[in-house]
Structures are given as C-alpha cells and as structure tokens.
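For the record, the sequence lines run as chains A and B.
Counted the way this note's numbering counts, the first sequence spans residues 112 to 416.
Counted the way this note's numbering counts, the second sequence spans residues 2 to 250.
A virtual CB, placed ideally from N, CA and C, is assigned to each residue, including glycine.
Reading through the structure tokens given below for one structure.
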Amino acid sequence: MKTLILGEILNETLSSGTLEIIKKAQDENLDFQVITIGSSDAPKIGSESFKQTYIKRSSESLQFGNVTDLITKIVNDEGINLILGSSTYLCRDLISFISVDLNSSPVSNVIDFEINGDAVSTINSINGGESLYKSKIASNHSLLLVRPKSFEPADVELNDNFETIDVENSDVAIFDIYKEEKTGPQLEDSKVVISAGRGMVDKENLVIVEELASKLNAAIGGTRAIVDAGWMPYSQQVGQTGKTVKPDVYIACGISGATQHQVGMKDSKFIIAINKDEEAPIFQLADLGIVGDTLSVIPKINQNL
Amino acid sequence: MNITVCAKQIPDPANETSYDNGIIVRPEEQVLDDTDRYGIEVALQLKEKFDAEVTIISMGPAGTMKGLQQALQMGADKALYVDDDSLKGANSLMTANVLSELAKTTNADIVIFGTESTDGYSGTVPQQVSRFLNLNCISYVKAIEIGDDVSLTRQTSEGSEKVKMPQNCVISVTAGGVEPRYPNFKDIMAAKSKPIEKVELSTLNITTEQNLEFMSIEALENSKNGEKITDEGEAFQIIVDKLKELKVI
C-alpha cells in the first residue's frame with residue numbers, strides 16, 4: 112500500500128514520533144515515503160532506505176494552508192492511500208486539513224493498525240485505556256493520527272540527502288516566537304516521572320515535588336486539572352490530551368486517576384501512587400499504593416534520600 | 002462582528018462513557034462540554050470590545066438542551082443546532098461538514114472552538130471546519146490579548162508564538178487559555194428567553210459520508226492488584242526502599 116508518513120523535526124533530526132511510525136511502516140513492509148515539515152535550515156532527515164521530501168516553512172508565517180495544498184497534490188499525483196502522522200499539534204492540523212481535501216475522515220488516537228490487502232483497520236484506546244476500540248476504514252484514503260510511544264522508534268542512519276520544497280507565505284504573520292527552555296529531564300524520555308494532581312492542594316506545594324524530582328533525576332508532569340488551573344505549562348500535561356509517558360518508575364502524587372490521565376501513563380513499568388482517597392482509581396494501576404497525604408509523605412521521602 | 006462558537010452537549014463526564022455498537026450512548030440530559038467554555042469565554046471577551054453577536058452552533062441529540070442553555074447562560078446571544086438521526090455516530094469529517102454549513106448560516110466572521118471534545122477526543126474538527134470554510138486556522142490558542150488589534154498566542158511543540166487575529170478565521174482555544182465566567186442568577190434567568198433554533202439537516206449542503214466501520218470493543222484487564230498500604234507516618238520508608246530496589250537511587 113502506497114504510504115505517506117508526515118514527519119517532524121526535533122533537535123535538527125526526525126522526532127521520535129516520526130521514527131516510531133517509520134518503524135511500524137518498515138515492519139509492515141509498506142511502500143512508504145516521508146514528507147517532513149519544519150523550519151530548520153539544515154536538518155538531518157534524509158535516509159538511504161526511504162524517500163524524504165522536506166517542506167521547509169518559514170517560522171514567521173502561518174503557512175499551513177499552503178503546506179496542505181502541497182501535500183494533497185503529492186498524495187493525488189502519486190496515488191498514495193495511507194497517510195500517517197503522530198498526534199502532535201502540527202500533524203493534527205495537517206491531517207485534519209488533508210482529510211477535507213481527500214473527503215476521508217481521519218482516525219485519531221490510534222495505538223496500532225493492521226493492513227489486510229487494501230483494507231486498513233485501526234485500534235484506539237478508549238475509557239482511559241480500559242478498552243480497545245477497533246474499526247475498519249472504508250474509503251480510498253486512510254488517514255491515521257498515531258499516539259506517540261505506540262511503537263519503538265526505528266533505528267535508521269540519517270543524512271542530509273533530500274529534496275526541499277519551499278512554501279509561500281500566507282497573509283498571517285507570526286511574531287514573538289518563544290521557545291520553552293527545556294532544562295533537566297524531559298517527560299518523553301526520562302526513566303523516572305513524578306506527576307502532580309489536585310491532591311497537591313496548592314501550586315506552592317509543587318516545590319516538594321520539584322525537590323524529589325531533582326533528587327531522583329526525574330521529569331515532572333501534571334494532570335489536566337492542574338494544567339488548566341495554571342500550575343504547570345501545557346507541555347507538562349500527561350494524559351489523553353497531553354503526553355504519553357512510559358518511564359521505568361512513575362510516581363503519582365495526589366492524582367485520583369481520571370481516565371483522561373490514565374491513558375498517558377498506564378504503561379509505565381512500575382507505578383507508585385500516593386493519595387488520600389483509598390478508593391481513588393489510580394490505585395488499580397499502582398504497583399505500590401500509599402493511602403495517605405502526599406503533602407506529608409513526600410517531604411519525608413525528600414529528607415531520607 | 003459575527004462570532005460563532007461551536008459547542009457540544011456531552012454525557013456528564015463524571016460517569017463512565019458507555020457504547021452501543023461502537024457509538025457513545027447519550028442520555029436525554031447532556032451537559033455543556035467544559036472544553037467549550039474556553040471558546041465561549043474568548044467570544045464573550047471579543048464581544049465586549051467589538052460589539053459582536055455571539056451565536057452557539059451545535060450538532061447532536063438535543064435532548065433537554067441543558068448544555069445549550071448553559072452556553073447561553075454564560076452570555077451567548079442565541080443558539081442553532083442540528084439534531085438528525087442520520088448523524089448518529091458521525092465521523093469527525095461529517096461533523097465538521099455540518100458545523101461548517103451551520104457557521105455559514107450565521108455569516109460568521111470568526112468561528113471559535115475548544116481544541117477537542119471531552120467525549121470523543123478526536124481533536125480534528127476545528128481544523129477541518131477551517132478547511133471547509135477556506136479560512137486561516139489559528140489552532141491551540143492559549144492566550145488572547147485584546148487591544149485595538151487582537152493578538153492570539155498559539156501553543157506549539159517548542160513553546161509558543163503569536164499572530165494577529167485575522168478578520169476572518171477559525172480559532173481553537175486550549176483548556177486553561179482563559180478563565181471561563183460563571184453565570185449569576187440574572188444570567189441564568191436571562192438565558193431562558195434567548196432563542197434556540199433547530200436547523201433541518203436537509204437544508205444544509207452535506208458532501209461527506211461515513212467511512213469508519215465499527216468492529217469491536219474489547220475490555221482490557223488493567224487492574225494490577227498491587228500492594229496498598231495505609232500511611233501511619235512511616236510509609237515514606239516503603240517508597241524509599243522500593244526506589245532503592247528499583248535502582249532509582
């Protein structure tokens with residue numbers, strides 16, 4: 112099946128989400144090419160083993176309509192049937208736009224898919240990962256948004272051999288570009304993640320989580336509730352609408368375990384949960400559950416490390 | 002200025018979502034998706050500055066219309082909805098098709114959404130509507146500054162960026178982007194006399210169709226039956242020991 116993978120750039124190379132989809136495409140023996148969208152000057156995204164086209168956009172113009180036109184044209188010209196992208200801000204936008212052009216509804220939150228002849232079937236995780244939802248796509252084009260961490264990343268050697276297409280500016284200019292400083296361990300690849308929820312009671316109390324994180328060299332995450340409350344930036348949200356993490360150890364502090372949160376962390380290897388409410392759903396996922404006040408337990412851990 | 006906000010009535014999220022043949026079961030009484038409150042708030046802030054009319058548009062079983070009432074209570078002026086059996090289980094593209102056509106009937110300058118609904122989570126409808134309407138899409142807006150111009154701050158994977166709000170566009174607002182207002186008693190009473198109008202699907206130009214066939218839902222056994230210990234002051238030691246055992250420290 113002729114396949115297009117929409118790629119993204121992180122740190123001048125292909126993002127882990129892109130490499131995960133490439134791995135799946137290799138394993139399924141799909142006839143795939145990659146179109147990567149980004150604004151880096153000289154990224155390392157080419158490969159001996161697949162065709163790479165770089166759509167180079169300006170970081171100072173909102174060009175996504177023009178980017179979409181280019182991709183739709185390639186899809187039509189080359190008879191591509193399957194389009195895959197990671198569930199990121201950029202790919203969610205692009206696959207949505209393309210779905211209108213191709214008149215085929217995309218499938219979001221895909222965690223796995225199968226190809227049988229011309230048919231594509233998808234698996235989604237619903238109800239916080241408690242159930243799997245399977246469906247079959249019955250149109251000429253299948254558009255899938257794949258959740259990060261659904262597959263292992265491909266191990267490919269990348270070079271700077273690829274074709275570059277420039278994009279025309281739109282009439283919407285972008286200004287005040289702010290790059291969040293990424294210091295310390297990052298959620299996506301840290302071996303230990305500590306997350307905070309409403310049970311932390313107040314934003315000020317996050318200092319004890321930060322102290323523990325620095326002692327364990329851990330990344331810090333949060334639930335949608337505390338991100339909505341403004342305690343943490345959106346980039347630290349773990350869950351359905353945030354990031355998916357699979358660390359060796361996940362410590363849930365004052366998190367009840369809403370399905371929205373579970374979906375982002377349930378595959379962590381070892382889960383420690385601390386919560387006052389002994390009925391909290393998080394305890395069903397926990398390998399070690401402590402029924403108690405996070406605000407009293409964590410400072411004692413900090414003192415004893 | 003005409004501002005149109007898409008809002009969805011969803012089953013009370015406090016209850017677990019149930020499915021019938023792959024389609025979410027919707028009770029008679031559904032509530033306003035909290036995600037949409039952010040979009041409505043942005044619309045109301047624009048209205049305060051620019052003398053706009055704010056119309057809510059919605060698709061899905063109308064039921065008791067509690068969710069639509071909640072949207073009007075916040076301060077929207079009127080609501081239009083489509084409720085048609087043939088749309089049961091509609092995919093995101095059909096939903097976007099219907100909402101785009103509804104938005105056209107409101108002569109919308111600006112169409113505002115939350116980023117994704119709390120029941121379906123597909124997170125693609127705002128972008129699809131923008132493409133149907135051939136408008137710029139300002140997605141994942143996490144802050145708005147209203148002066149003579151309006152500037153919108155977009156969340157990106159690397160941080161954020163700002164754009165000046167175009168005269169015509171589609172905006173999706175992330176949860177937490179603004180502080181949604183709570184209606185007072187007067188607002189709640191005033192909402193009762195605001196118009197809610199049903200639009201017949203047959204009057205809209207629908208060019209999309211279902212392309213996703215439901216196959217199955219399979220329950221997973223998630224429960225780990227892990228250790229559960231009640232803290233009597235010493236539980237920290239159990240965690241410290243476990244972290245040592247796991248070689249984290």
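Helix or strand or just coil, what does DSSP make of residue i?
| i | result |
| --- | --- |
| A:Gln297 | coil |
| B:Tyr183 | coil |
| B:Thr209 | coil |
| A:Ser170 | coil |
| A:Thr147 | strand |
| B:Glu219 | strand |
| A:Leu406 | helix |
| A:Phe381 | strand |
| B:Arg27 | coil |
| B:Arg243 | The amino acid occupying residue 243 of chain B in the given sequence is Lys; Arg does not appear at that position. The answer is helix: DSSP assigns B:Lys243 an H, G or I state. |
| B:Lys165 | strand |
| B:Ile48 | Here residue 48 of chain B is Lys; the residue named in the question, Ile, does not match the sequence. In the structure shown, B:Lys48 sits in a helix (DSSP, three-state: H, G or I). |
| A:Phe394 | helix |
| A:Gly375 | coil |
| B:Met60 | strand |
| B:Leu202 | helix |
| A:Phe175 | helix |
Between the options, which has its C-alpha nearest residue i's C-alpha?
| i | options | result |
| --- | --- | --- |
| A:Thr164 | A:Asn272, A:Gly128, A:Arg203 | A:Asn272 |
| A:Lys113 | A:Gly190, A:Leu243, A:Asp404, A:Ala330 | A:Gly190 |
| A:Ser160 | A:Ile337, A:Glu291, A:Ala340, A:Leu269 | A:Leu269 |
| A:Gly353 | B:Ser194, B:Tyr122, B:Ile230 | B:Tyr122 |
| B:Lys143 | B:Gln129, B:Ser158, B:Leu205 | B:Ser158 |
| B:Val26 | B:Tyr39, B:Gln10, B:Asp37 | B:Gln10 |
| A:Ala265 | A:Leu406, A:Ile156, A:Val211, A:Asn415 | A:Ile156 |
| A:Ile393 | B:Leu205, B:Lys229, B:Ala236 | B:Lys229 |
| B:Ile189 | B:Lys89, B:Gly76, B:Gly40, B:Asn3 | B:Gly76 |
How many angstroms separate the CA atom of residue i from the CA atom of residue j?
| i | j | result |
| --- | --- | --- |
| A:Val145 | A:Cys202 | 13 Å |
| B:Leu33 | B:Ile239 | 44 Å |
| B:Ala72 | B:Gly124 | 20 Å |
| A:Asp223 | A:Glu263 | 12 Å |
| A:Ala363 | A:Ser242 | 22 Å |
| B:Glu29 | B:Leu221 | 29 Å |
| A:Tyr361 | A:Asn122 | 26 Å |
| A:Val312 | A:Arg335 | 14 Å |
| B:Cys170 | B:Lys105 | 13 Å |
| A:Val133 | A:Glu389 | Correcting the residue identity first, residue 133 of chain A is Ile in this sequence and not Val. Rounded to whole angstroms, A:Ile133 to A:Glu389 spans 43 Å at the Cα level. |
| A:Val320 | A:Ser301 | 16 Å |
| A:Asn413 | A:Lys326 | 8 Å |
| B:Ser101 | B:Gly234 | 58 Å |
| A:Glu171 | A:Ile383 | 44 Å |
| A:Ser250 | A:Tyr244 | 19 Å |
| A:Ile248 | A:Gln395 | 34 Å |
| B:Ile139 | B:Ala192 | 30 Å |
Which residues in chain A have a C-beta closer than 7 Å to the C-beta of residue i? List them in chain order.
| i | result |
| --- | --- |
| B:Ala220 | Glu241, Ser242 |
| B:Met216 | Ser232, Lys245, Ser246, Lys247 |
| B:Gly124 | Arg203, Ser219 |
Note down, in chain order, every chain B residue with its Cβ under 8 Å from the Cβ of residue i.
| i | result |
| --- | --- |
| A:Glu291 | Glu159, Gly160, Ser161 |
| A:Val304 | Here the premise fails: no neighbours, minimum Cβ distance about 11 Å. |
| A:Tyr345 | Lys143, Gln156, Thr175, Gly177 |
Residue i touches chain B at which residues, Cβ-Cβ below 7 Å?
| i | result |
| --- | --- |
| A:Tyr165 | Chain B residues near A:Tyr165: none, gap ~17 Å exceeds 7 Å. |
What residues of chain A sit near residue i, judged by a beta carbon separation below 8 Å?
| i | result |
| --- | --- |
| B:Pro167 | Asp282, Val283 |
| B:Ala191 | By Cβ distance, chain A contributes nothing, its closest Cβ being about 27 Å from B:Ala191, past 8 Å. |
Interface residues of chain A around residue i at Cβ under 9 Å?
| i | result |
| --- | --- |
| B:Arg132 | Gly176, Thr179, Ser207, Phe208, Ile209, Ser210, Val211, Asp212 |
| B:Met95 | Ser216 |
Check the Cβ of residue i against every Cβ in chain B and list those closer than 9 Å, keeping chain order.
| i | result |
| --- | --- |
| A:Tyr200 | Ser140, Tyr141, Arg155, Gln156, Thr157, Ser158 |
Quick check on the DSSP output: what are the complete alpha helix (DSSP H) runs of length 4 or more inside the segment 325-357 of chain A, in order along the chain?
335-339
Pick out the complete beta strand (DSSP E) segments inside the segment 241-315 of chain A, 3 residues or longer, and give them in chain order.
242-248, 253-257, 274-277, 285-290, 303-307
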